[in-house]
Amino acid sequence: MAILDELPPAQRAWLDCLDEATFDVFERLDAVFDPAEHAPWDVKLSETPMGRLAKEFDGAEWRALGLWGQLRLHISVGRGDYNRALTSVFTPALRRAPRWTPAEVELLWRVAVTPLGRDRQTADLYRLPLAATRRLPVAGREPYVTFLRQVKDHLAESPWVATGSVKSVIDNLLADHAEDPAVAARDLINELDPFAVLLCEEYAARFGAPEVLPLLRHWTTATNPRPNAAWLDQAAALLTPDAVTLVKEALGRIPGYREHVESRFHRTVVTYFHEHTAVLVRGMVWTCELINEPWVTALLGDVAVATGTGVGGSGPNSRNERTTNAALGVLGRRGGLEVVTQLARVQAKVRRKSILTLAARTLDGVAEQTGLSPEQLLDRTVPSFGLEPDGTRTEHGLRLSADGVITFVDDGGKVRKTIPKAVRSAHGELLAEFKATAKELRKTLPAERFRVERALATERIWHWRDVCAYYLDHPVTGRYGRALIWEISQDFAGLPVRTAGGWELTDPRGRSVQPLPDTPVKLWHPISAAADDVRAWRDHVLAIGLRQPFKQAFREVYLLTPAEEGTGDHSRRFAGHFLRYGQAKALLTERGWTGLSLGHWWAEGGYDQAEAVKELPGLTVRWDFHLDEASGERDGYGTASVCVSGDIRFTDEHGHRVSLAEVPPRVLSEALRDADLAVGVTSTGLAPEGHDDYWHSYNVGDLTETAQVRRDALTRLIPRLTIADRLELTDRFLRVRGDLRTYKIHIGSGNILMEPNDAYLCVVPGGANDPVFLPFEEDGGMLSVILSKAFLLAADTTITDPSITHQLC
């Protein structure tokens with residue numbers, strides 16, 4: 075059937091602009107085209123009857139072939155009968171046809187934007203009109219701007235119709251015809267997510283300025299995983315001072331940007347970067363490779379951490395891995411020691427395995443450049459932030475300390491938290507510098523603490539001279555290194571003490587040793603010490619008032635039990651616990667575990683079970699979890715609320731199970747410590763609602779190793795408390811004698827039972843009303859909670875909170 079007969083009467087008028095020669099080509103093509111014959115997806119024009127007919131076509135006839143293919147595809151799509159052979163004419167028609175006439179371009183657009191029959195569209199209908207329009211000078215495109223706007227609006231409502239490249243072409247064409255610079259920028263940025271909206275609202279006019287718009291257009295082409303030399307060369311040619319400023323400001327908004335969460339169709343939808351925005355941001359990140367400014371490296375680290383962490387800033391996933399990888403790629407190509415600190419931040423904060431692998435590979439590359447191991451490189455690149463060896467920097471009375479706090483020291487040497495107004499006025503620039511430095515310092519501290527504790531867990535070995543240089547004399551890392559116990563052999567371990575002759579190690583008995591520079595040194599771990607030595611260190615830490623950055627003297631030790639020797643290759647020590655899923659997942663993620671992903675709506679697909687995984691030296695530890703379907707614990711969207719812990723096992727590099735007896739004691743202990751912490755902090759046994767049998771067993775059962783260490787700390791702390799005469803420590807409870815009742819605080823859960831009938835007392839934890847020194851910052855803070863409750867209940871007659879007093883009646 076002829077194409078003229080298949081078009082609706084209203085659309086036949088479109089063809090009035092065509093000449094007889096074009097209609098003659100249409101008739102010849104109609105004669106060889108069979109709508110019922112479908113070609114394969116990879117068909118070439120030369121393999122079709124149209125192609126064989128077109129062998130002798132000239133330029134005008136190729137344009138006619140393109141017009142005929144556009145009309146035929148329009149009819150085919152309208153009928154819901156997509157004929158792939160029709161699209162095979164477009165590429166050769168574009169390549170061989172000369173410039174299209176204005177009337178022909180308008181016809182191509184009318185066919186592309188007009189639905190037929192079933193109101194179906196395909197991006198293939200945009201190929202010819204877009205290409206023909208791009209060939210025209212800017213002034214010649216003006217008549218077709220309305221069509222471009224119409225297509226853009228359609229794609230905004232139906233984004234799946236066209237690829238990103240098609241949308242990018244449309245955006246670039248529209249930007250050329252915006253009289254207002256802000257409108258031109260908005261056409262290129264597109265407000266497809268909250269971050270793009272932010273960019274448009276605050277920077278559109280500056281992005282659309284002539285000094286920046288060409289580079290903004292170039293950023294929208296950053297669609298590959300990494301930039302090639304041609305892309306960077308063009309970016310360098312377009313880079314201007316105004317663009318550099320905008321890169322700094324726009325990327326600087328990412329660390330403070332948060333994902334948008336909303337409910338759609340009874341599901342929670344999280345929006346961070348739309349794909350289009352991610353391409354634009356990646357272009358800006360790549361451009362940082364060309365900017366030689368001191369702020370670039372830290373900014374790339376901020377971007378990598380912000381986009382590499384999961385929703386809410388934690389979790390095993392990433393907000394936008396493409397952006398993270400782009401930032402890490404630029405850091406790796408910039409090289410130098412200054413990038414190491416940023417890589418350490420990523421390793422400490424991000425938990426997505428693929429990103430961590432890239433960060434480690436990037437660090438290895440920098441280490442190879444310097445001839446150092448990655449660990450040695452990290453040691454040597456911790457910034458000092460201008461601090462003196464004592465961990466402070468003081469100028470004009472302003473003091474910045476190693477914990478990132480700014481104070482004021484008056485002429486009498488008294489330290490004040492409030493900075494006088496006169497000082498703020500006279501030294502405003504210095505104060506601003508201190509604040510910026512304090513901000514960067516506070517970012518570095520968690521990464522350093524994480525790195526030092528990881529060295530304890532993995533039994534890393536240094537030479538003593540390196541310990542002195544990078545852990546004792548360093549103003550930042552020194553706040554951790556000087557508070558830790560260092561071991562030079564099985565026979566001697568001590569705390570660092572500075573003397574006139576250098577650093578020495580002193581043990582609880584007062585013995586001192588000054589190791590030689592080449593002496594191997596590692597962080598002391600109680601698993602390798604005798605029980606008497608562990609007790610001596612705990613007493614000593616309390617006696618001298620030393621607060622360690624993490625548990626070392628009071629660190630839990632998990633030795634192989636007879637039950638685990640019997641099971642052989644798996645441990646059930648922490649199996650069968652009901653845990654708050656979201657909290658457990660976040661806690662394990664922060665400690666380096668990945669893979670824990672459970673969801674009720676995926677149960678039929680096998681997602682009612684999962685395993686958390688953590689890579690250890692030479693081994694991988696795996697912890698099974700499943701959903702408790704019997705209890706029906708879930709939120710309104712079907713998301714898992716409670717999960718049940720299962721077996722823990724170890725596998726080697728080939729994935730084969732390893733007997734627990736073959737796992738190095740420190741590796742086993744540290745893995746089980748993570749599990750104990752997860753149970754201790756996230757167990758539903760901490761609250762009495764639901765799982766009654768489990769709650770009762772959790773609150774009267776045996777104490778775990780973590781709780782046993784907590785009990786040991788209480789044994790040493792109680793005699794120092796002002797309420798010591800009202801406290802009694804039993805095997806599982808801290809018993810508190812009040813004036814109204816006697817209370818039992820479970821040392822494992824912190825829950826309170828009242829004598830004589832063990833009635834449950836609900837108390838929301840608060841701060842202790844008596845200063846108590848703790849020898850470590852306990853994960854989960856349970857020791858502080860127990861002491862806070864003890865002080866409260868010892869003076870129960872002074873309690874005025876009605877939520878508590880009505881329970882005491």
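Every position in the sequence shown, counted from 1, becomes a number in the numbering used here once 74 is added. Ideal Cβ positions, reconstructed from N, Cα and C, are used throughout, including at glycine.
Which residues DSSP lists as bridging residue i, in chain order
i	result
residue 421	According to DSSP, which records beta bridges pairwise, residue 421 is partnered with nothing at all.
residue 724	695 and 732
residue 828	817 and 833
residue 644	723
residue 809	802 and 818
residue 578	571
residue 481	473
residue 586	580
residue 622	850
residue 701	717
residue 536	595
residue 668	687
Pair within 8 Å by beta-carbon distance, residue i and residue j
i	j	result
residue 433	residue 411	no
residue 397	residue 352	yes
residue 137	residue 174	yes
residue 15	residue 512	Absent from the model: residue 15. The displayed extent of the chain is 75 to 883, so no value can be given.
residue 789	residue 803	yes
residue 783	residue 628	yes
residue 321	residue 274	no
residue 864	residue 797	yes
residue 400	residue 360	yes
residue 740	residue 696	no
residue 73	residue 287	There is simply no residue 73 to check, as the chain begins at 75 and stops at 883 in what is shown.
residue 147	residue 161	yes
residue 420	residue 483	no
residue 476	residue 549	yes
residue 523	residue 848	no
residue 344	residue 335	yes
residue 530	residue 599	yes
residue 243	residue 204	yes
residue 691	residue 532	yes
residue 682	residue 693	no
residue 422	residue 520	yes
Residue i - DSSP class collapsed to helix/strand/coil
i	result
residue 864	helix
residue 269	helix
residue 816	strand
residue 436	helix
residue 468	strand
residue 598	coil
residue 164	helix
residue 651	coil
residue 473	strand
residue 688	strand
residue 888	Because the chain spans 75 through 883 in this model, residue 888 falls outside it and cannot be assessed.
residue 567	strand
residue 560	strand
residue 639	helix
residue 683	strand
residue 657	helix
residue 677	Bear in mind that a pLDDT of 39 at residue 677, under 50, signals an unreliable position, so the number given afterwards is only what the model happens to contain. Three-state result, residue 677: helix.
residue 173	coil
residue 490	strand
residue 334	strand
residue 196	coil
residue 343	strand
Whole-Å CB distance - residue i paired with residue j, under 8 Å assumed
i	j	result
residue 259	residue 290	6 Å
residue 926	residue 559	Look at the range of the chain in this structure, 75 to 883, and you will see that residue 926 is not part of it.
residue 658	residue 752	5 Å
residue 613	residue 731	Going by Cβ atoms, the distance from residue 613 to residue 731 rounds to 41 Å, so no, they are not a contact pair.
residue 668	residue 427	5 Å
Tell me whether the segment 620-637 and the segment 661-672 touch, counting them as touching only if at least three CB pairs, one residue from each stretch, are closer than 8 Å. With the rule of 3 Cβ pairs closer than 8 Å, the segment 620-637 does not count as touching the segment 661-672.
Take every Cβ of the segment 433-444, pair it with every Cβ of the segment 533-548, and state whether three or more of those distances are shorter than 8 Å. Segments in contact, no.
At least three beta-carbon pairs within less than 8 Å, the segment 238-250 to the segment 215-225: With contact defined as three or more Cβ pairs closer than 8 Å, the segment 238-250 and the segment 215-225 are in contact.
Would the segment 567-574 count as touching the segment 491-504 if we require 3 or more Cβ pairs under 8 Å? Contact fails between the segment 567-574 and the segment 491-504, because fewer than three Cβ pairs, one in each stretch, are under 8 Å apart.
I want to know whether the segment 415-431 touches the segment 439-459 - three or more CB-CB distances under 8 Å. Flag = yes, the segment 415-431 and the segment 439-459 touch.
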